[in-house]
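Take the position in the sequence shown, starting the count at 1, then add 824; the result is the number in our numbering.
Below you'll find the structure, written out as structure tokens, and then a few comments.
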Amino acid sequence: MKVIYPAPLREGDVIAVISPASIIDPDYVKGAAEVLRRQGWTPKVSRHALGRHGSYSGSVEERLADLTDAIRDPEVRAILCSRGGYGTVHLLEHFPRQEFIDDPKWLIGFSDISALHAMASSMNVASIHSPMCKHLAADGGNDYCSQSFFSILRGERPEYTTTAHPYNKIGDAEGIVIGGNLAVLDGLISTPYDIFARSGTILFIEDIAEPIYKVERILYRLKLSGVLDRINGLLVGRFTEYKADRNYNDMYDMIRDITSSLNIPVAFDFPVGHVDFNLPLIESAPARLHVAPARVTLTYSD
825 MKVIYPAPLR EGDVIAVISP ASIIDPDYVK GAAEVLRRQG WTPKVSRHAL GRHGSYSGSV
885 EERLADLTDA IRDPEVRAIL CSRGGYGTVH LLEHFPRQEF IDDPKWLIGF SDISALHAMA
945 SSMNVASIHS PMCKHLAADG GNDYCSQSFF SILRGERPEY TTTAHPYNKI GDAEGIVIGG
1005 NLAVLDGLIS TPYDIFARSG TILFIEDIAE PIYKVERILY RLKLSGVLDR INGLLVGRFT
1065 EYKADRNYND MYDMIRDITS SLNIPVAFDF PVGHVDFNLP LIESAPARLH VAPARVTLTY
1125 SD
């Protein structure tokens, strides 16, 4: 199926800010809203985006209402998730699929928001795996990742070139770019939102505060179930805030061992994940991956 791209944003278009998961610091939302306003767009902070309900920004009903309202509002052309955390999975079974397909909008975020990207992917709608409110507020929208994010919203297709890593596997691949937070995506296996069921993809993965053995367990599941044999390329993003164990000092050492038998291009240390330099990626969109001895290039195409 041909990918469905939400329309590029124009001057004055509304970007709804929602919090589908954990509580957000209001200052981050305020700062991000000002950045979006300076870009010529109209931020609209949803009713429960700054709320508190246990560890969540609101009850399931409140968070779902904000998401549904943004999807149904014809003036809203993009939906920026304020942060991740945990809780987005609560909304998937009630997601207004047909209304979203009838009027697709950019879904934006990363981490726990990987669940919404998986939802969009199940409908073949492109979405943006991107920094969220904290990043926009901290850097004022002037950094490379923010500027790249803004260009995607305006309809451009990025091309990224990064430095090589000694563990890389050289080669070229084409496919649909898909992925995100590994633990979140693992929790969606065998559901209607299982991105690993697709073949011919360029998969990207990242995570935070997951022990090496837990990441290894997930990757072994993907290996034994044939997922790693069905993908065309692999981007190993940033894995942060973990500790060395008795078997591996470094997460990439473990991932290198698991992927050593793959006959596809693999790029390690790709700048995506819970880091300041978090390149925005268009999920469910076709791209070309070129892994050379000195550099890695990811180029999006229509």
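Beta carbons: idealized from backbone N, C-alpha and C, even for Gly.
Quiz item: In terms of residue numbering, what span does the alpha helix (DSSP H) encompassing Tyr-852 cover?
Solution: Within the sequence shown, numbered from 1, the residue matching residue 852 stands at position 28. Run containing Tyr-852: 850-862, per the alpha helix (DSSP H) assignment.
Quiz item: What residue from Asp-1077, Thr-1064, Phe-1028 and Glu-1065 has the CA that sits closest to Glu-1040's CA?
Solution: One-based indexing of the sequence shown puts residue 1040 at position 216. Looking at the Cα atoms, Asp-1077 is the closest of the given residues.
Practice problem: Keeping to the same chain, check which residues put their C-beta closer than 6 Å to that of Arg-1054; ignore five residues upstream and five downstream. | Solution: On the sequence shown, residue 1054 is found 230 positions in, with the first residue counted as 1. These residues qualify, in order along the chain: Ser-1023.
Quiz item: For Gly-878, does the count of other Cβ atoms within 10 angstroms reach 16, so buried, or fall short, so exposed?
Solution: Looking up residue 878 in the sequence shown gives position 54. Exposed, since its Cβ has fewer than 16 Cβ neighbours within 10 Å.
Self-check item: 3-residue-minimum beta strand (DSSP E) runs that sit fully inside the stretch 1013-1084, ordered along the chain
Solution: 1025-1032 and 1057-1064
Exercise. List the residues that DSSP assigns as beta-bridge partners of Asp-996.
Key: As a position in the sequence shown, residue 996 is number 172, starting the count at 1. In the DSSP output, where bridge partners are listed per residue, Asp-996 has His-1114.
Quiz item: Beta-carbon separation of Arg-921 and Ala-845 under 8 Å?
Solution: As a working mapping, residue 921 is identified with position 97 in the sequence shown. As a working mapping, residue 845 is identified with position 21 in the sequence shown. No. Outside cutoff.
Exercise. Going by CA-CA distance only, name the one from Leu-1059, Arg-862, Gly-965 and Val-838 that's closest to Ser-870.
Key: Position 46 of the sequence shown holds residue 870. The shortest Cα separation from Ser-870 among Leu-1059, Arg-862, Gly-965 and Val-838 belongs to Val-838.
Self-check item: Cβ contact check for the stretch 1069-1076 and the stretch 1029-1044: 3 or more pairs under 8 Å
Solution: yes
Quiz item: Does the Cβ-Cβ distance between Leu-1103 and Tyr-984 come in under 8 Å?
Solution: For the purposes of this step, residue 1103 is identified with residue 279 of the sequence shown, where counting begins at 1. For the purposes of this step, residue 984 is identified with residue 160 of the sequence shown, where counting begins at 1. In contact: Leu-1103 and Tyr-984 (Cβ atoms closer than 8 Å).
Quiz item: Do the stretch 989-1008 and the stretch 961-974 touch if we need at least three Cβ pairs shorter than 8 Å?
Solution: no
Quiz item: For the candidate residues Asp-936, Glu-917, Asn-1087 and Phe-924, whose alpha-carbon lies nearest to that of Ile-1032?
Solution: Stepping through the sequence shown from its first residue, residue 1032 is reached at position 208. Nearest of Asp-936, Glu-917, Asn-1087 and Phe-924 to Ile-1032, Cα basis: Asp-936.
Practice problem: Could you please give me the residues that DSSP links to Leu-833 through a beta bridge? | Solution: The residue you call residue 833 lines up with position 9 of the sequence shown. According to DSSP, Leu-833 bridges with nothing at all.
Quiz item: Is the beta carbon of Pro-1095 less than 8 Å from the beta carbon of Leu-1113?
Solution: Here the question's residue 1095 lines up with position 271 in the sequence shown. Here the question's residue 1113 lines up with position 289 in the sequence shown. In this structure, Leu-1113 does not lie closer than 8 Å to Pro-1095 by Cβ.
Quiz item: Does DSSP put Ile-847 in a helix, a strand or coil?
Solution: Taking the first residue of the sequence shown as position 1, residue 847 is located at position 23. In the structure shown, Ile-847 sits in coil (DSSP, three-state: anything other than H, G, I, E or B).
Quiz item: Are three or more beta carbon pairs between the stretch 911-926 and the stretch 953-970 nearer than 8 Å?
Solution: no
Quiz item: Is the distance from the Cβ of Ile-1000 to the Cβ of Ser-1084 below 8 Å?
Solution: Stepping through the sequence shown from its first residue, residue 1000 is reached at position 176. Stepping through the sequence shown from its first residue, residue 1084 is reached at position 260. Not in contact: Ile-1000 and Ser-1084 (Cβ atoms no closer than 8 Å).
Exercise. Determine the contact status of Arg-1045 and Gly-965, defining contact as a CB-CB distance below 8 Å.
Key: Looking up residue 1045 in the sequence shown gives position 221. Looking up residue 965 in the sequence shown gives position 141. The answer is no: Cβ separation not under 8 Å.
Self-check item: Distance, Phe-1020 Cα to Leu-1014 Cα
Solution: Indexing the sequence shown from 1 puts residue 1014 at position 190. Indexing the sequence shown from 1 puts residue 1020 at position 196. The amino acid occupying residue 1014 in the given sequence is Ser; Leu does not appear at that position. Cα to Cα, the separation comes out at about 9 Å.
Self-check item: Endpoints, beta strand (DSSP E) assigned at Val-841
Solution: As a working note, residue 841 is residue 17 in the sequence shown. Run containing Val-841: 838-842, per the beta strand (DSSP E) assignment.
Practice problem: Just the C-alpha distance for Leu-904 and Ile-1079, rounded to the nearest angstrom, thanks. | Solution: If you number the sequence shown from 1, residue 904 lands on position 80. If you number the sequence shown from 1, residue 1079 lands on position 255. Roughly 32 Å separates the two Cα atoms.
Quiz prompt | Contact under 8 Å by Cβ, Ile-1002 with Ser-945 | solution = Counting from one through the sequence shown, the residue named residue 1002 turns up at place 178. Counting from one through the sequence shown, the residue named residue 945 turns up at place 121. Yes, they are a contact pair.
Quiz prompt | Supposed contact pair Ile-842 and Ala-894 - C-beta distance, whole angstroms, cut 8 Å | solution = Sequence index remark: in the sequence shown, residue 894 carries index 70 (1-based). Sequence index remark: in the sequence shown, residue 842 carries index 18 (1-based). Between Ile-842 and Ala-894 the Cβ distance is about 6 Å, and since that is below 8 Å, they are a contact.
Quiz prompt | Val-869 - partner residues in DSSP beta bridges | solution = Within the sequence shown, residue 869 is the residue found at index 45, counting from 1. Note: Val-869 sits in a beta bridge opposite Val-841.
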